[in-house]
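Novice: In the numbering used here, each residue carries its 1-based index in the sequence shown increased by 86. Before I ask anything, let me first share the structure, which is written out below as structure tokens.
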Amino acid sequence: MTYDVIIIGGGPAGLTAGLYTSRGRLKSLLIEKGLTGGLVTTTEWIENYPGFEEGILGAELAQKMEKQAVKFGLEIVQGSVADISLAGKLKSVILEDGTRYETKSIIFATGAHPRLLKIEGEDRFRGRGVSYCATCDGAFYRDKKIVVVGGGDSAVQESLFLTRFAAMVFVVHRRDQLRAEKILQERAVSNPKIKFVWDSVVERISGNDVVNAVHIKNVKTGEKSVLEVDGIFVFIGYNPNTEFLKGLVELNGDNYIVTDDRMSTTASGIFAAGDVRSKPYKQISTAVGDGAAAAISAEKYVEENF
Ligand code: NAP
């Protein structure tokens with residue numbers, strides 16, 4: 087069976103693309119390797135996505151997006167893409183279990199994954215005190231002390247969320263200024279459960295079975311200290327999920343997919359949308375915009391070429 091479009095990745099960009107293409111009567115398949123929703127599901131509460139004036143749970147927003155797309159005929163399968171073949175006019179998407187799908191066009195909406203600190207103890211204590219998802223693991227730290235690393239929107243937003251459980255959240259940031267948006271900064275600074283540790287980096291994580299200390303260094307004074315905590319949440323940015331795309335489409339120096347403003351990549355009939363794309367602002371609303379644009383471009387491509 088040949089699809090008109092295969093969308094790889096089921097976050098807001100992919101689900102929006104799927105809504106548009108299935109509603110546009112293209113035979114559309116979305117392949118997602120985990121659960122649909124992408125990084126949105128790792129955010130507890132979203133208050134900057136228009137249309138929900140009181141805010142909405144990340145998981146609920148993702149569910150609504152999925153339902154809306156499926157209602158118009160989007161097929162969704164779970165699977166991990168192993169390879170993509172562009173030989174000939176039709177393209178093939180091959181999953182790790184060997185399943186092969188033929189398609190006229192592809193939209194990559196594979197998103198990004200959390201960046202690692204790459205320090206001693208990070209691997210050893212992953213899932214036992216080291217986490218990259220506050221929504222998933224926050225409740226394990228009721229009345230405990232924790233460290234959050236980073237100074238961007240994710241670090242500050244998730245620190246605020248973690249104060250619901252933790253007794254104290256130490257935000258360790260390598261500079262003395264936050265990158266996070268002002269409204270989040272204001273809330274964090276006035277939260278008595280958040281303490282900032284400025285100009286500092288985490289050098290090592292230690293413990294026995296689980297984390298019990300985070301070793302930090304002040305980058306200005308060189309002074310070293312130890313924070314006795316039960317957990318550490320790392321929010322130092324994301325890397326794009328493009329490992330299987332190398333050589334297929336142009337990537338920028340950080341491995342994000344290069345597109346034009348119609349979401350076209352350098353390969354004909356291949357589009358990209360959302361956090362996997364090289365672009366300055368990574369928001370749910372911009373991912374949704376990308377998804378819609380990629381879908382319209384894919385529709386035009388199929389119409390003109392088949
Ligand atoms: P980010 O904006 O790239 O910020 C990463 C933070 O981690 C920065 O403060 C950076 O420090 C620090 N950092 C990077 N590498 C580090 C390292 N090796 N060691 C220690 N610290 C390190 O990442 P993000 O906060 O995950 O946000 C990603 C994107 O999603 C952004 O576009 C953001 O706006 C968006 N987002 C938006 C919302 C929202 O709208 N509420 C929520 C979450 C994410 P420096 O500041 O010194 O560079």
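Glycine is no exception: its CB is placed at the ideal position from the N, C-alpha and C atoms. Since we're looking at a predicted model, the values are computed, not measured.
(1) Could you check the C-alpha separation between G100 and R250 for me, to the nearest Å?
(2) Taking the C-alpha atoms as reference points, what is the distance between T328 and T345?
(3) Checking 8 Å against the spacing of the C-beta atoms, do I356 and V335 come in under that value?
(4) Let me make sure I understand the geometry here. Which of V300, A225, D90, V242 has the alpha-carbon closest to that of V287?
(5) Would T122 and G159 qualify as a contact pair, given that the criterion is a beta-carbon distance under 8 Å?
(6) Anyone know if the C-beta pair for I94 and A195 falls short of 8 Å?
(7) I'd like to confirm the pairing. Which residues does DSSP put opposite Q164 in its beta bridges?
(8) Nearest CA to the CA of Q369: which residue from D169, S114, G236, N134?
(9) Keeping to the same chain, check which residues put their C-beta closer than 6 Å to that of V283; ignore five residues upstream and five downstream.
(10) At a threshold of 7 Å, does G238 count as lining the ligand NAP (C-beta to nearest heavy atom)?
(11) On the premise that G124 lies in contact with R201, defined as a C-beta separation below 8 Å, what is that separation, rounded to the nearest angstrom?
(12) Quick check on this structure: which residue in T307, D209, K279 has the alpha carbon closest to the alpha carbon of R261?
(13) Alpha carbons only, please: which of Q164, V126, I142, E140 is nearest the one belonging to L115?
(14) Apart from the five residues just before and just after D285, which ones in its own chain have a Cβ nearer than 6 Å to its Cβ?
(15) Taking Cβ to Cβ, would you say V216 is nearer than 8 Å to V297?
(16) Going straight from the alpha carbon of L181 to that of T107, what length do you get?
(17) Check whether the Cβ of I322 sits closer than 7 Å to any heavy atom of the ligand NAP, and report yes or no.
(18) Looking at the secondary structure, which residues open and close the alpha helix (DSSP H) in which N391 lies?
(19) Comparing the CB of K368 with every heavy atom of the ligand NAP, is any distance shorter than 7 Å?
(20) Are E385 and G110 close, meaning C-beta to C-beta below 8 Å?
(21) Taking the alpha carbon of I302 as the point to measure from, which residue in R214, K279, E314 has its own alpha carbon closest?
(22) Buried or exposed: which applies to M151, given that a residue is buried once 16 or more other Cβ atoms fall within 10 Å of its Cβ?
(23) Let me know if T352 comes out buried or exposed under the rule of 16 or more other beta-carbons within 10 Å of its beta-carbon.
(24) Would you say N134 touches the ligand NAP, meaning its beta carbon is less than 7 Å from a heavy atom?
(25) By the DSSP assignment, the alpha helix (DSSP H) with S245 in it spans what residues?
(26) Would you please state the rounded distance, in angstroms, between the beta carbons of G197 and G360? I believe it to be under 8 Å.
(27) State the Cα-Cα distance for the pair D229 and N277, rounded to the nearest angstrom.
(28) Rounded to a whole number of angstroms, what is the C-alpha to C-alpha distance between Y89 and L112?
Specialist: Quick look at the numbers:
(1) 32 Å
(2) 14 Å
(3) yes
(4) V300
(5) no
(6) yes
(7) E118
(8) N134
(9) F256, V258
(10) yes
(11) That pair is no contact at about 16 Å.
(12) T307
(13) Q164
(14) D262, N304, V305, K306
(15) yes
(16) 22 Å
(17) yes
(18) 370 to 391
(19) yes
(20) yes
(21) E314
(22) buried
(23) exposed
(24) yes
(25) 239 to 248
(26) 6 Å
(27) 16 Å
(28) 8 Å
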